[in-house]
Amino acid sequence: MMINCILLFSQWEEISGLDENYTPIRTYQVCQVMEPNQNNWLRTNWIEKGDAQRIFVELKFTLRDCNSLPGVVGSCKETFNLYYQETDVEVGRNIRESQYVKIDTIAADESFTQGDLGERKMKLNTEVRIIGPLSRRGFYLAFQDVGACIALVSVKVYYKKCWSIIENLATFPDTVTGSEFSSLVEVEGTCVNDAEEEADNSPKMHCSAEGEWLVPIGKCICKAGFHQKGDACEPCGRGFYKSSSQDLQCSRCPAHSYNDREGSWRCDCEDGYYRALSDPPSVACTRPPSAPQNLLYNINHTTVSLEWTPPADTGGRNDVMYRIICRRCTWEPEECFPCGSNVGYLPQQSGLTDTYVTITDLLAHANYTFEVEAVNGVSDLSRTQRLFAAVSIATSQAAPSQVSEVIKERVQQHSIQLSWQEPEQPNGVITEYEIKYYEKDQKNRIYSTVKSKSTSATVNNLKPSTAYIFQIRAFTAAGYGTFGPRVEVTTKEESTGSVSFCSLCRHCGYSKADQEGDEELYFQCECQLSSAHYTHAHQWFKFPGTKTYIDPETYEDPNRAVHQFAKELDASCIKIERVIGAGEFGEVCSGRLKLPGKRDVSVAIKTLKVGYTEKQRRDFLCEASIMGQFDHPNVVHLEGVVTRGKPVMIVIEYMENGSLDAFLRKHDGQFTVIQLVGMLRGIAAGMRYLSDMGYVHRDLAARNILVNSNLVCKVSDFGLSRVIDDDPEAVYTTTGGKIPVRWTAMEAIQYRKFTSASDVWSYGILMWEVMSYGERPYWDMSNQDVIKAIEEGYRLPAPMDCPPGLHQLMLDCWQKDRADRPKFDQIVGILDKMIRNPNTLKTPMGTYFNSFRLVSEWLEAIKMERYVDSFTAAGYSSLESVARMTIEDVMSLGISLVGHQKKIMSSIQTMRAQMLHLHGTGVQV
719 MMINCILLFS QWEEISGLDE NYTPIRTYQV CQVMEPNQNN WLRTNWIEKG
769 DAQRIFVELK FTLRDCNSLP GVVGSCKETF NLYYQETDVE VGRNIRESQY
819 VKIDTIAADE SFTQGDLGER KMKLNTEVRI IGPLSRRGFY LAFQDVGACI
869 ALVSVKVYYK KCWSIIENLA TFPDTVTGSE FSSLVEVEGT CVNDAEEEAD
919 NSPKMHCSAE GEWLVPIGKC ICKAGFHQKG DACEPCGRGF YKSSSQDLQC
969 SRCPAHSYND REGSWRCDCE DGYYRALSDP PSVACTRPPS APQNLLYNIN
1019 HTTVSLEWTP PADTGGRNDV MYRIICRRCT WEPEECFPCG SNVGYLPQQS
1069 GLTDTYVTIT DLLAHANYTF EVEAVNGVSD LSRTQRLFAA VSIATSQAAP
1119 SQVSEVIKER VQQHSIQLSW QEPEQPNGVI TEYEIKYYEK DQKNRIYSTV
1169 KSKSTSATVN NLKPSTAYIF QIRAFTAAGY GTFGPRVEVT TKEESTGSVS
1219 FCSLCRHCGY SKADQEGDEE LYFQCECQLS SAHYTHAHQW FKFPGTKTYI
1269 DPETYEDPNR AVHQFAKELD ASCIKIERVI GAGEFGEVCS GRLKLPGKRD
1319 VSVAIKTLKV GYTEKQRRDF LCEASIMGQF DHPNVVHLEG VVTRGKPVMI
1369 VIEYMENGSL DAFLRKHDGQ FTVIQLVGML RGIAAGMRYL SDMGYVHRDL
1419 AARNILVNSN LVCKVSDFGL SRVIDDDPEA VYTTTGGKIP VRWTAMEAIQ
1469 YRKFTSASDV WSYGILMWEV MSYGERPYWD MSNQDVIKAI EEGYRLPAPM
1519 DCPPGLHQLM LDCWQKDRAD RPKFDQIVGI LDKMIRNPNT LKTPMGTYFN
1569 SFRLVSEWLE AIKMERYVDS FTAAGYSSLE SVARMTIEDV MSLGISLVGH
1619 QKKIMSSIQT MRAQMLHLHG TGVQV
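For the sequence shown, this note's numbering gives the first residue as 719, with consecutive numbering after it.
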């Protein structure tokens, strides 16, 4: 904004000059350096602040070096003061210094000399100051000169805001930043035209103090009949529809349906086609089925059995059922009447799903007509003529009995010859036989029939190597008898020649798996095989000893590794609820994941920040390529990734209690020893699983263990490449990368030899962290001191109240020779035994205290022998006197390092507890 200044009781002058580019400018100058006690004021016009609460003032000015002014004594200054006054209205030209608040004393980074002035070119200084929070309608700025030679070239007053944006189909207006540097302004979004808020997920964003929008939470979705295109919702075109706002895109009208308007949520059915009331708009329009086929009957006195095959055309539906219409007819044609309620149907008359029915209690010596109609979900909507299969039957004498003896005469690849004996009770002259057959393994039992005048028949056009079921019945003037028993016959195999095999290996190479012992190279090959030969190919490519874990770095295209091991999720299934932290690559959020057909679950979402490079994207997704290969209750589970949308996301299960180290520090002393051992057992089980897969973690520490609401601990952090600790001392740089020294085995630090055995060393440090409730290993010792101490044989002492068996297990994990360290399988077994026998977890009192006689021995044991003289000079000559010490006493000895203070006090507390238990003394705890 333009700023006008007013000269008030001052020696300031408005003068023309040149800027750095020799452009003429107007400046305000003052140079009363010869006279002492200067108090010259220059004030701006009244500035209305609008919605701003935090104002930035940019000053551009020149200032002359006092040393370049001849004859100046002590009155010359090289600074001036900046003030402001808040008011609701303009207050006129009068000024009272007490009404102004000082912002800062402004000094020049660069001053000019007499030579510079002669050139008439000024060296500009730029300074920015912040005012706020402001509460009145406006303010004045004032500049006080106390005896300097100054030229005020420009004053720029501005504030920051987040510019309007459309995100997730929601419009967020221009938003002025908050009044504090760390404040976030929550802004509700407004859905764009033809969009609506997602259920329970209203759109929100936060405007940061720097005028940047943070990760969006919630979103809008296009209404039914509209789809998203860029930042707007457009209507579905003619011939397309969208039935719900939950659908992502418009869909083409289903089969046999249409629409001739834009923005449709459904399509209308073509003539002759229908949609049932229960059918969703996405279902194709359908029609009634055709008539059943191959209607067969069998009559026995007054009982009739009907059997048929499904209709050739189901109308496009799979809900076909059948109903039976029975009519009794006179001997005159066209005179038929409903059978009435005296007739029985087994299993039922309508709603039949099977293709057979038995009709009982018919009248003897009567004519009947039976119609079998196929119906589906739209039959009752149709106005077309009913289609059915019909048969007319006369009840009289009994039909022939079953054909029971069937012989396989000849079996070929495509034909089977059968023969049989005449039924024992023909009940008349048999005029023909009917052979019914179908494939045994066919899901929809569709049968075919062959008729024969004799007691043999050949069935042709069969499939090779296929099992068929055959049944035979006889026919007389009384009708068909019942089918005989089922006979199974399998056709011969088709002759085969040599089998060719083709494979396409997309990615082959050697990959490393570090296990106990030296690194092992093993061959990995991924092949795409034809389905017909997959089994054989699997045997050919299955090499003995191949590790399950595959290093993503062995892939030429890392994107293939991501898509092979991680499930691609639809971004619409993920609901981001809040930002819970910041990771190396972007924000970390919590939210919900709702997959189709499953209940929603809590998840943590890692996002990749905007403007990422391809390398950052590859490194970000590498962790997902690793996690996706693991499936164990003590290893954090990967839900999936989003790589085809923005932001790119990794979605993992949500661990409510966060990292183990912070969780233990928060709940210091609140768990039993057996609870802590249970946590350690879970972590060891997860590491056993990873070790068995051939995976080496390299960064096993309490900070990389996550804890859920049930206190289940799970191994996490599979990135391998990033700096783990905020402390620059936390890593020791060697050729090839950075190492977390306090948790790393010596061979890994010296030779970068990472194996499962080096993970065991790290696990021992993690045990110490757990038993000390998140204490920092080796306290405040530098990394170089830690390395030197370990090389000399120093190992961490047992934490307070740590059972000896657990500390011994730690020491075993810290064996110098990695071959002497236990395997994770052994560690799990040891911890299981401790849990089953809790007596092994009790701490024997007095062991620690009785092992020392002198103060010097105690200090030497805890590696604090440097303070022996300090303790002696202060009069602490016995362990009893040491046990009475407080933190103030320790500090009074000149022990200033916080880590050393904690280490000494931890040991004193252990000593104090043991002395109370053994002697019942009056030591104050």
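Just so you know, even glycine gets a beta-carbon here, dropped at the ideal spot from N, CA and C.
Fair warning: this is a prediction, and the values are worked out from it, not measured in the lab.
- According to the DSSP assignment, Arg761 belongs to the beta strand (DSSP E) that extends over 758-762.
- In this structure, Arg984 is the residue among Glu1598, Pro1056, Arg984, Ser996 with its C-alpha nearest to the C-alpha of Pro953.
- Pairing Gly1346 with Ala1284 gives a Cβ-Cβ distance under 8 Å.
- Setting aside the 5 residues that flank it on each side, Gly1304 is surrounded in the same chain by Thr1325, Leu1326, Lys1327, each with a C-beta closer than 6 Å to its C-beta; the list follows chain order.
- Rounded to whole angstroms, Met1373 and Val871 show a C-alpha spacing of 58 Å.
- The stretch 1177-1192 and the stretch 1131-1147 touch, with no fewer than 3 CB-CB distances between them shorter than 8 Å.
- Under the 10 Å beta carbon count, Gly1095 is surrounded by 16 or more other beta carbons and is classified as buried.
- Around the C-beta of Ile773, 16 or more other C-beta atoms lie within 10 Å, and the residue is accordingly described as buried.
- Look at the stretch 1047-1123 and you find these whole runs of beta strand (DSSP E), each 3 residues long or longer: 1054-1056, 1062-1064, 1074-1078, 1085-1093, 1106-1112.
- Three or more beta-carbon pairs separated by less than 8 Å are not found between the stretch 887-901 and the stretch 775-788, which leaves the two stretches without contact.
- By a beta-carbon distance limit of 8 Å, Asn799 does not contact Gln729. Their separation comes to about 15 Å.
- With contacts defined as CB atoms closer than 8 Å, Val1124 and Thr1194 fail to qualify as a contacting pair.
- Per DSSP, Glu1302 is not a residue of any alpha helix (DSSP H), being assigned neither H nor E.
- Taking one beta carbon from each stretch, the stretch 1293-1301 and the stretch 1264-1282 have fewer than 3 pairs nearer than 8 Å; the two do not touch.
- In this structure, the alpha-carbon of Arg1536 lies about 7 Å from that of Ser1476.
- Of all alpha-carbon atoms in Arg1104, Gly990, Glu815, His1083, the one lying nearest the alpha-carbon of Ile1042 is that of Arg1104.
- Counted as a single uninterrupted DSSP element, the stretch harbouring Gln817 is not any alpha helix (DSSP H), since DSSP gives it neither H nor E.
- A distance below 6 Å between beta-carbons, with the five flanking residues on each side excluded, links Ser1574 to the following residues of its chain, in chain order: Val1586.
- Sixteen is the threshold: when 16 or more other Cβ atoms of the shown chains lie within 10 Å of the Cβ of Trp759, as they do, the residue is buried.
- Inter-segment contact for the stretch 1388-1399 and the stretch 1336-1343 is absent: fewer than three beta-carbon pairs are separated by less than 8 Å.
- For Pro1065, the CB contacts under 8 Å within the same chain, skipping 5 residues up- and downstream, are Asp1072, Val1075 in chain order.
- For Gln1143 against Gly1202, the beta-carbon gap comes to about 13 Å, at or over 8 Å, which does not count as contact.
- Our two residues, Val933 and Glu904, have alpha carbons roughly 11 Å apart in a direct line.
- For Val1414, the closest of Gly1396, Ser1434, Val1425 by C-alpha to C-alpha distance is Ser1434.
- Membership of Phe1589 in the alpha helix (DSSP H) is indicated by the continuous run 1586-1591.
- Beta-bridge annotation (DSSP): Leu781 is paired with Ile868.
- Three or more beta-carbon pairs separated by less than 8 Å are not found between the stretch 742-750 and the stretch 852-859, which leaves the two stretches without contact.
- Contact annotation, Leu1572 with Val1488: C-beta distance approximately 32 Å; criterion of less than 8 Å not satisfied.
- Counting along the chain, the unbroken beta strand (DSSP E) around His924 starts and ends at 922-925.
- Of all alpha-carbon atoms in Asp949, His945, Cys951, the one lying nearest the alpha-carbon of Phe958 is that of His945.
- In the three-state scheme derived from DSSP, where H, G and I count as helix and E and B as strand, His945 is classed as strand.
- Assigned with DSSP and collapsed to three states, Ala1175 falls in strand.
- Here DSSP, grouped into helix, strand and coil, assigns Asp1318 to coil.
- The DSSP-derived three-state label of Arg855 is coil.
- The stretch 1268-1294 contains, as complete alpha helix (DSSP H) runs of 4+ residues, the segments 1276-1283 (chain order).
- For Val1090, same chain residues with a beta-carbon under 7 Å away, outside a window of 5 residues either side, are Pro1010, Leu1013, Leu1024, Trp1026, Tyr1040, Ile1042, Phe1106, Ala1107 in chain order.
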